[in-house]
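K.L.:
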Amino acid sequence: MRICLIALPWSLYRHPSAALGALSAYLKQQEPGFEVICRSDFLDAAVALGFGCYDKISQSSYDVGEMLYAALCFPERKAQVRDFFISRMEESGAPLVGRGSFLEPAIYGESPTWASAFDVIHSRLEAHLDRVAEEVAGRYELVGLTTCFGQLFANLALSMRLKRRSPETRIVLGGSTVSERVGPSLLQELDSFDYVIQGEGEQPLLALARRLASGSSDVSDLKGLISRETAGALPRGAPFWEVSDVNSLPISDYSEYAAKAEALNIFWLMTVEGSRGCWWDRAKRTGNPKATCHFCNLNVQWNGYREKGAERLVSEVVALNERYHNNVLFFLDNIIRLKGVDDFARRLIDTGKDFVIFYEMRANIRPHELLLLWEAGVRFVQFGIESLSESYLKRIGKGTSVITNLQVMKICHELGIVNGANLLTDFPGGRQEEVEETFATIQRFALAYEPLSANRFWLGRGATVQVLNDEYGIRNLRNADFYRVGLPEPLYERLCLLDLSYDQDTPAADWSSVRVLCKQWGAAYAAARATEYRHLLTYLDSGHSMRIFDARTGVLRNVVLEGLARDVYMFCAEIRRWEELRREFIEPGRADAGQLAELIETWNQQGLLYREGTHLEGGRFLSLAPAFTPEMAVRRIRAAHAAEQQRRGAGASVPGPRHSLQQVGDAVSQPVQVKA
């Protein structure tokens, strides 16, 4: 049995395809007699277009990228796609030539226009597809195409060419883009491929290959696999296969990609899978569509969350590192594990290897856990911030709060962790008061930290908003309007595609002020980082006094805190409840409630401390000034963690940490090892 697994644009060119790596390793493990070939053909396309151009289109892969290939599926739509491409490029403000241009003169000429650039891109993508089809057709019994990163129409265009050259070749599509009703719909409307895998691909692909190898093409009894014959009768919510223990999966095989990337001298990131699904998404388990983030459809292909044990995962990282000599790790996980983060991080640290790591996280992570991850090598994260409005966070089902968002933004800034987080705007039902609250929170409290990117809500099939669209006041759900550009109208009307457009019953809130502010925020933050101070807001601590430097208004303001004020402010460097302040300061007789209330109110008015809620009791508090250097932040976080550990170890009968401030002083005097 000869099997070819192909990844096409717009998979990110610096990353090996996770699907190809996992599936090829599994097939080779289960059926060593099968010949399994991987083709990371997106790399060849990136070379053909120029890496800058490929990267730019990848950033808009779900509309611009998909439509570029739609024109290769339906040539009669080429003129409309060209107009769409030109319009989007002009809107982006990308320069055609000179600094900032992503068009290489050697490929696009010295004086390109967006129209001429489109023609070059179109012709090179077409030539690339024709070459791939020529090399693959007739050589394999089964061809597998992965459809995650704006790859659907590239796969359709290739499958059309393969079927013309080799009608007997069986073609199967899998991946998140063919989840839900999308896969059955495509099978019913198009005849250029034969099967769709929904859910995880390992077992269905193996079962399909075995069935074809036996001489049969009947797959009606195979779970997670859809054929043209079964597509029309498929019930909603049809079961798909999942591995119960992800620890049993083999280590991914990236050999083919690695050889290509090394030959091209690419700085590439080693993809690592630590879990599948999202532990915050409990919708399928509970039957409640709201038991997840209401805007998200990233987990429609999973039945639940599963994670690899920390020991297994770190051993896999080490094995991949020693196999490919790559220390830059990109974790695929939709979310980092809820429990055992500290154990996982320590195991990474104990390898003694220098790693640079990207991970996606939720803001509920504790400061000490984030510190350990930083020491393990985490330098890039994407926190699911989404909003800096309390009511908006509840509206979207995020399950976090403004104060937890501010805390992780602060620690990322202190430690130099790049936080590529977003503000989600234009969610259905959002109110103008929430826009104003977000605007005020940025101006008063968040301005000192790395800016967030304001991104409009994008509706995907399977998201809570789509399932409960009436409740969210949206109607006339349809395939996303941009699909009309590249699809013949009758096909647009009949297909079920993943991205959706809709109309709203009530006028949407106007988020333009927040978008403008985010751009100003970015400029101010970049300017501050370029100075010797590197901060818009920071502190230096002397033990009994501290000085806060505040330049957020454009004029430097100094605030000196001494004695009790200094101690309270430093105590609130991590999120604290009133009960903790009472145990730390009121019970030992260091302060009364009035003194604490006055300090908190003053700092809140100055934007130096965030206060959650309107009442002190039951509220939470966070000092916002970041440490001047990572080393200072490390000492503070370690000291706070040590004090917390001692309090917990003392037993529940002990009212609180009466010596925590002394412990802070002791910890600050200890040497710190910092990984650059």
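Take -9 as the starting number for the sequence shown in this note's numbering and just add one per residue. Built from N, CA and C at the ideal position, the CB exists for glycine as well. For clarity, every value in this text was computed on a predicted model and none was experimentally measured.
#1: For R638, which residues from the same chain have a beta carbon less than 7 angstroms from its beta carbon, with the 5 sequence-adjacent residues on both sides left out?
#2: According to DSSP, what are the bridge partners of V346?
#3: Hey, is the region 189 to 197 in contact with the region 228 to 240, meaning 3+ C-beta pairs nearer than 8 angstroms?
#4: Closer than 9 angstroms, CB to CB, is A309 near chain D or not?
#5: So what does V550 bridge to, in DSSP terms?
#6: Provide the residue(s) that pair with M560 in DSSP beta bridges, ordered along the chain.
#7: Using the DSSP secondary-structure output, state which residues sit across from S265 in a beta bridge.
#8: Going by the CB atoms, is the gap between L360 and E427 shorter than 9 angstroms?
#9: For S238, which of S7, E306, F257, R218 has the nearest alpha-carbon?
#10: Could you give the distance in angstroms between the alpha-carbon of P580 and the alpha-carbon of L554?
#11: Flag this pair as yes or no: are the beta carbons of P111 and L58 separated by less than 9 angstroms?
#12: Using CA coordinates, which residue listed in V290, L405, I407, A436 is at the minimum distance from L413?
#13: Taking 9 angstroms as the threshold (C-beta atoms), are F108 and R67 in contact?
#14: Between which residues of its own chain and I326 is the CB-CB distance below 6 angstroms, once the five residues before and five after are set aside?
#15: Tell me, please, whether the region -6 to 12 touches the region 21 to 35 by the rule of three or more beta-carbon pairs shorter than 8 angstroms.
#16: Pull up the distance between the alpha-carbon of D333 and that of S502, whole angstroms please.
#17: Between which two residues does the alpha helix (DSSP H) harbouring D333 extend?
#18: Run through the DSSP bridge pairs and tell me what M351 is partnered with.
#19: Under a three-way DSSP split, which group does L(-2) fall into?
#20: What is the rounded straight-line gap between the Cα of E483 and the Cα of A197?
#21: In this structure, how does DSSP classify E25 when only helix, strand and coil are distinguished?
#22: Can you list, in chain order, the residues of its chain whose CB lies under 7 angstroms from that of L698, leaving out five sequence neighbours each side?
#23: Out of S182, I464, R302, G42, point me to the one whose CA is closest to P497's CA.
#24: Decide if the region 306 to 318 is in contact with the region 336 to 349; the criterion is three or more beta carbon pairs, one per stretch, under 8 angstroms apart.
#25: Compare the Cα-Cα distances from N291 to each of V172, N409, V558 and report the closest residue.
#26: With respect to the beta strand (DSSP E) encompassing D531, which residues constitute its N-terminal and C-terminal limits?
#27: Tell me which same chain residues have a C-beta within less than 7 angstroms of the C-beta of L2, skipping the five on either side of it?
#28: Could you check how far apart the C-beta atoms of E170 and G420 are, in whole angstroms? I think they sit under 8 angstroms.
#29: Quick check: the Cα distance between E461 and T394, rounded to an integer number of angstroms?
#30: Answer with buried or exposed for A642, where buried requires no fewer than 16 other C-beta atoms within 10 angstroms of its C-beta.
#31: Pull up the distance between the alpha-carbon of E522 and that of A514, whole angstroms please.
#32: Give the single residue among F611, R369, I339 whose Cα lies nearest to the Cα of I407.
#33: By DSSP's criteria, L414 is part of a beta bridge. Which residues make up the other side?
#34: What residue does the beta strand (DSSP E) around V133 start on, and which one ends it?
#35: Figure out for me which residue from C268, R302, S175, Q596 has the closest Cα to the Cα of R542.
#36: Is the CB-CB distance between V457 and L449 below 9 angstroms?
P.N.:
With the structure as the only source:
#1: none
#2: V318
#3: yes
#4: Of the chains in the structure shown, none is chain D; there is only one protein chain.
#5: R537
#6: Answer is none; M560 lacks a bridge partner.
#7: E297
#8: no
#9: E306
#10: A small fix is needed here, since residue 580 is Arg in this sequence, not Pro. Whole-angstrom Cα-Cα distance: 8 angstroms.
#11: According to the sequence as given, residue 111 is Ile; it is not Pro. Yes, Cβ-Cβ distance for I111 and L58 is below 9 angstroms.
#12: A436
#13: no
#14: Y349, M351
#15: yes
#16: 43 angstroms
#17: 331 to 340
#18: F373
#19: coil
#20: 34 angstroms
#21: strand
#22: Here the chain has residues from -9 to 666 only, and residue 698 is not among them.
#23: I464
#24: yes
#25: For the record, residue 291 in the displayed sequence is Gln; it is not Asn. Closest option to Q291, Cα to Cα, is V172.
#26: 527 to 531
#27: S48, F139
#28: With a Cβ gap of about 25 angstroms, E170 and G420 do not count as contacting.
#29: 28 angstroms
#30: Since pLDDT at A642 reaches only 39, below the 50 mark, its modelled position is unreliable, and no value is offered.
#31: 14 angstroms
#32: R369
#33: N445
#34: 132 to 136
#35: Q596
#36: no
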